[in-house]
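*Asks:*
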Amino acid sequence: MAVTRTNQTCKRVFDLLCTLLILVLLSPLLLVVVLTIKITSPGGVFFKQQRLGLHGKIFWVYKFRSMVPNAVNIGSGMFVEEDDPRITPVGKILRKTSIDELPQLFNVLRGEMSLVGPRPAPLHHLDIYDERQRNRLNMKPGITGWAQVNGRIALYWPERIELDLWYVENYSLWLDLKILSKTVTVIFLHRGGTAREDRKKVDPFMKL
Numbered sequence: 005m006a007v008t009r010t011n012q013t014c015k016r017v018f019d020l021l022c023t024l025l026i027l028v029l030l031s032p033l034l035l036v037v038v039l040t041i042k043i044t045s046p047g048g049v050f051f052k053q054q055r056l057g058l059h060g061k062i063f064w065v066y067k068f069r070s071m072v073p074n075a076v077n078i079g080s081g082m083f084v085e086e087d088d089p090r091i092t093p094v095g096k097i098l099r100k101t102s103i104d105e106l107p108q109l110f111n112v113l114r115g116e117m118s119l120v121g122p123r124p125a126p127l128h129h130l131d132i133y134d135e136r137q138r139n140r141l142n143m144k145p146g147i148t149g150w151a152q153v154n155g156r157i158a159l160y161w162p163e164r165i166e167l168d169l170w171y172v173e174n175y176s177l178w179l180d181l182k183i184l185s186k187t188v189t190v191i192f193l194h195r196g197g198t199a200r201e202d203r204k205k206v207d208p209f210m211k212l
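The numbering of the sequence shown is the numbering used here, which starts it at 5 and goes up by one.
1. Could you tell me which uninterrupted beta strand (DSSP E) segments, each at least 3 residues in length, are contained entirely in the stretch 59 to 121, listed from first to last along the chain?
2. Pairs of beta-carbons, one from the stretch 115 to 131 and one from the stretch 40 to 50, closer than 8 Å: are there three or more?
3. According to DSSP, is residue 8 helix, strand or coil?
4. Quick check: the Cα distance between residue 51 and residue 63, rounded to an integer number of angstroms?
5. Could you name the residues of the same chain whose beta carbon sits closer than 6 Å to that of residue 72, not counting the 5 residues immediately before and after it, in chain order?
6. Assign residue 232 to buried or exposed, taking buried as 16 or more other Cβ atoms, counted over all protein chains shown, within 10 Å of its Cβ.
7. If residue 109 sits next to residue 27, beta carbons under 8 Å apart, how far is it from one beta carbon to the other, in whole angstroms?
8. Take the Cβ of residue 87 as the centre, count every other Cβ of all protein chains shown within 10 Å, and call the residue buried at 16 or more, exposed below.
9. Secondary structure at residue 159, three-state DSSP: helix, strand or coil?
10. Please report the distance separating the alpha-carbon of residue 155 from that of residue 191.
11. Name the one or two DSSP bridge partners that residue 137 has.
12. What span of residues does the beta strand (DSSP E) with residue 52 cover, start to end?
13. Can you say whether residue 180 is buried or exposed, counting buried as having 16 or more other CB atoms within 10 angstroms of its CB?
14. Which residues does DSSP pair with residue 125 in a beta bridge?
15. Do you know whose CA, among 8, 85 and 186, lies nearest residue 151's CA?
16. For residue 45, which of 93, 117 and 175 has the nearest alpha-carbon?
17. May I have the straight-line CA-CA distance separating residue 136 from residue 189, to the nearest angstrom?
18. In chain order, what residues of the same chain lie with their CB nearer than 7 Å to the CB of residue 48, ignoring the 5 residues before and after it?
19. Along the chain, where does the beta strand (DSSP E) that runs through residue 47 open and close?
20. Pop quiz: residue 113 and residue 23 are said to be a contact at Cβ under 8 Å. What is the actual Cβ separation, rounded to whole angstroms?
21. List the endpoints of the continuous beta strand (DSSP E) containing residue 146.
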């Protein structure tokens, strides 16, 4: 299904209404997380990083900080190992439950992201994408997406990109609702939360 202007408008209205409702419902949890991070670990509450948005536009994506300060310049860099020593005790819980992603709701309000879409890719991916893979950037990145409910980080990046391309080519509001419902299941069952051990060696999209 082509992503028409009508589709984009409906998706944006859906994003705004749902995001505002989620923020109201989860506001006590967000406050608890902010205070817990601040009390238990030195450094800021939020982690931000530049990522690729719609049509390759660069924006800052936000997360609750789940690792030690300056973690991207320590150890394995952007690649997070299982039981990575850079992850804080609180961060382990945040990452396992995906609560660390909740600040991206504000990215949604700002129009930089959608609730559902391809995950925002690192900047260096733009130079690696072929012409077809660049179609992944034809929709706003999402907090969750088709790849996230079908393997998450257990998939190699090329596999995730193929799932993202399928989503872009087959987008519908009904598909977004399906992905959101499956996201809840994935989080509770913790599916796809562990990267393959050989991912750094074979994945050309990983920046080492």
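Cβ coordinates follow ideal geometry from the N, Cα and C atoms, glycine included.
Being a predicted model, the structure only gives us computed values, none of them experimental.
*Replies:* According to the data block:
1. If one requires a minimum length of 3 residues, the beta strand (DSSP E) runs lying completely within the stretch 59 to 121 are 62 to 68 and 118 to 120, in chain order.
2. Cβ pair count under 8 Å is below three, so no.
3. Three-state result, residue 8: coil.
4. When rounded, the distance between both Cα atoms is 13 Å.
5. Take residue 72, set aside five residues on each side of it, and the residues of its chain with a beta-carbon closer than 6 Å to its own are 90, in chain order.
6. Only positions 5 to 212 of the chain appear in this structure, which leaves residue 232 out of reach.
7. Yes, they are in contact, since the Cβ atoms of residue 109 and residue 27 sit about 6 Å apart, within 8 Å.
8. Label assigned to residue 87: exposed.
9. Coil.
10. Cα to Cα, residue 155 sits roughly 11 Å from residue 191.
11. Residue 137 pairs with nothing; no bridge assigned.
12. Note, residue 52: beta strand (DSSP E), 50 to 56.
13. With 16 or more other CB atoms across the displayed protein chains lying within 10 angstroms of its CB, residue 180 is buried.
14. Looking at the DSSP assignment, residue 125 forms a beta bridge with 56.
15. Ranked by how close their Cα comes to the Cα of residue 151, the residues 8, 85 and 186 have 186 in first place.
16. Here the closest residue by C-alpha is 93.
17. One alpha carbon belongs to residue 136, the other to residue 189, and they sit about 31 Å apart.
18. If we look at residue 48 and ignore the five residues flanking it on each side, its Cβ neighbours are 69.
19. If you look at residue 47, you'll find it isn't in any beta strand (DSSP E); DSSP assigns it neither H nor E.
20. Correct: roughly 6 Å between the Cβ atoms.
21. Start and end: 146 to 148.
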